[in-house]
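A.B. asks: Residues 1 to 90 (UniProt numbering) are what the sequence shown spells out, left to right.
The C-beta atom is built at its ideal place from N, Cα and C for all residues, glycine as well.
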Amino acid sequence: MDYGPVKHTMVAMDEGSLFVMSISDGSLLGVHGSTDCDMGAVAYHMALFVGRAGHVLTPNSAASCASPWRTSPPGAPVERTQETPPGARR
């Protein structure tokens, strides 16, 4: 059964709803809404956001915007230097 990729989905939970929308190249945007949120408004604004900013949220675009402060892989021990701004996370 091949009907193409999933474009969006909504999961109802006890404490709200999870909205997931595909951006491109396997990227996803997820939003958690409260139990009393306007689901139509959430979906509408997600679609607007993806339409306006989705091109900069793809994996290739995000990788090109990597922080110049990151010099080690995520999760690696970090030694603070004068070049690392206070409060910066790697």
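Ends of the alpha helix (DSSP H) at Val42?
C.D. replies: That run of the alpha helix (DSSP H) goes 39–53.
A.B. asks: Taking buried to mean at least 16 other C-beta atoms within 10 Å of its own C-beta, is Met13 buried or exposed?
C.D. replies: Exposed.
A.B. asks: Excluding sequence positions up to five away, which residues of its chain have a Cβ less than 8 Å from the Cβ of residue 91?
C.D. replies: Residue numbering for the chain in the displayed model covers 1 to 90; residue 91 lies beyond these limits and cannot be assessed.
A.B. asks: According to DSSP, is Val31 part of a helix, a strand, or is it coil?
C.D. replies: It is a strand residue.
A.B. asks: So who's on the other strand from Val6, going by DSSP bridges?
C.D. replies: Bridge partners of Val6: none, in fact.
A.B. asks: Go ahead and pull the three-state DSSP assignment for Arg90.
C.D. replies: In this predicted model, Arg90 has a pLDDT of only 49, less than 50, meaning its place in the structure is not dependable; the value taken from the coordinates is given anyway. Of the three classes helix, strand and coil, the one that applies to Arg90 here is coil, per DSSP.
A.B. asks: Does the Cβ of Leu48 have 16 or more other Cβ atoms within 10 Å, making it buried, or fewer, making it exposed?
C.D. replies: Leu48 is exposed by the Cβ-count criterion.
A.B. asks: Ordered along the chain, which non-local residues of its own chain (more than five positions away) have a Cβ less than 6 Å from that of Lys7?
C.D. replies: Cβ neighbours of Lys7 beyond the five flanking positions: Ser22.
A.B. asks: Who are the Cβ neighbours of Pro5 in its own chain at under 7 Å, not counting the five residues just before and after it?
C.D. replies: So the qualifying residues of the chain are Ser22.
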